[in-house]
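Line by line, the protein sequences give chains A and B. Mapping to this note's numbering: the first sequence position 102 is 329, numbers consecutive. Mapping to this note's numbering: the second sequence position 74 is 67, numbers consecutive. Below is one structure; the comments refer to it alone.
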Amino acid sequence: AQSVAQPEDQVNVAEGNPLTVKCTYSVSGNPYLFWYVQYPNRGLQFLLKYITGDNLVKGSYGFEAEFNKSQTSFHLKKPSALVSDSALYFCAVSELDDTGTASKLTFGTGTRLQVTL
Amino acid sequence: GAVVSQHPSWVICKSGTSVKIECRSLDFQATTMFWYRQFPKQSLMLMATSNEGSKATYEQGVEKDKFLINHASLTLSTLTVTSAHPEDSSFYICSATPGQGAPGYTFGSGTRLTVV
């Protein structure tokens, strides 16, 4: 069974500082990894995904994530945080089944990012 | 890019009534759609997976007679909460994917259901 862990309920960072939101995963096959952001009472907005290829994935709004197979991690990073980045961030994993169909997404518990001036 | 439209964005209903939530893929054919439920300050809990033209697959603990899912076309899935009760109040989010090949999931904007 696939699973995702986000060990931090909340991350606090000052505007202009780099931020990291941690994520580790567990799957039986090749992982497909995603980061989403959620603002209050809204759906999920896609930030980035890792399917294959370069371990460093660049996404929307200046975010990036690094796939580390040996550590089974996919931490989200941004070099310089903005107050407007304050939101709830979800890491998710899926994999292809035997028919080549995308399996369900399994989400982590979410990490609230708080960026202050 | 891929767009999924979900509506209504919010709904208030009386206990005992039924509520239908629609999820439409606007610019792609969604062979698979997923329905999630999210409690305040919690993660998304997958309720069911629906494939066009077949019965939905429900996750353990989700009452299929209470949460009716229909995926009659490649662009539309509906979730009907039957005989709603206050404990069904929650944020419901749908997601759609073309299915085959490398996964790409697009989410609707969510529906806030309040049962009074």
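Yeah, the Cβ is synthetic: ideal placement off N, Cα and C, and Gly gets one too.
With distances taken between CA atoms, V(-3) (chain B) lies nearest to B:S102 out of B:S102, B:V108, B:K48, B:L37. Taking one beta carbon from each stretch, the stretch 298 to 311 of chain A and the stretch 53 to 66 of chain B have fewer than 3 pairs nearer than 8 Å; the two do not touch. F21 (chain B) is outside the set of residues whose beta carbon lies under 8 Å from a beta carbon in chain A. The alpha carbon of R269 (chain A) has as its nearest neighbour, out of A:T333, A:E322, A:Y316, the alpha carbon of A:Y316.
Closest by C-alpha distance to F294 (chain A), out of A:Y259, A:S321, A:V264, is A:Y259. In this structure S70 (chain B) is in contact with M26 (chain B), their Cβ atoms being roughly 4 Å apart against a cut-off of 8 Å. Taken in chain order, the whole beta strand (DSSP E) runs of length 3 or more contained in the stretch 31 to 98 of chain B are 37 to 44, 60 to 66, 69 to 74, 83 to 90. When 7 Å is used as the limit between beta carbons, T42 (chain B) is near these residues of chain A: K331, in chain order. A49 (chain B) and M38 (chain B) have their C-alpha atoms some 16 Å from each other. For the C-beta of T338 (chain A), not a single chain B residue is nearer than 8 Å; the gap to the nearest is close to 10 Å. Chain-order list of chain A residues neighbouring S102 (chain B): R269, G270, by C-beta distance under 7 Å. Closest option to I86 (chain B), judged by alpha-carbon separation, among B:P79, B:F21, B:Y98: B:Y98.
By the beta-carbon neighbour count (other beta carbons within 10 angstroms, threshold 16), D20 (chain B) is exposed. One Cα belongs to A77 (chain B), the other to N244 (chain A), and the distance between them is close to 46 Å. Neighbourhood of R17 (chain B) in chain A, by CB distance below 7 Å: empty, with the nearest CB roughly 13 Å away. At a cut-off of 8 Å between C-beta atoms, Y98 (chain B) counts as an interface residue with respect to chain A. Taking C-beta atoms as the reference points, S8 (chain B) and P79 (chain B) count as a pair closer than 8 Å. For the stretch 37 to 67 of chain B, the beta-carbon criterion of a distance under 7 Å to any beta-carbon of chain A is satisfied by L37, L39, T42.
Annotation: T247 (chain A) to T90 (chain B) spans about 28 Å, alpha carbon to alpha carbon.
Note on L283 (chain A): under 16 other CB atoms within 10 angstroms of its CB, so exposed under the neighbour-count rule. Look at V310 (chain A) here: in three-state DSSP terms it is helix. At a cut-off of 3 residues, the continuous stretches assigned as beta strand (DSSP E) that sit fully inside the stretch 266 to 323 of chain A are 271 to 277, 283 to 285, 291 to 295, 300 to 305, 314 to 321. Between T75 (chain B) and L61 (chain B) the beta-carbon gap is near 6 Å, inside 8 Å, which marks them as a contact. With contacts defined as CB atoms closer than 8 Å, A319 (chain A) and Y277 (chain A) fail to qualify as a contacting pair.
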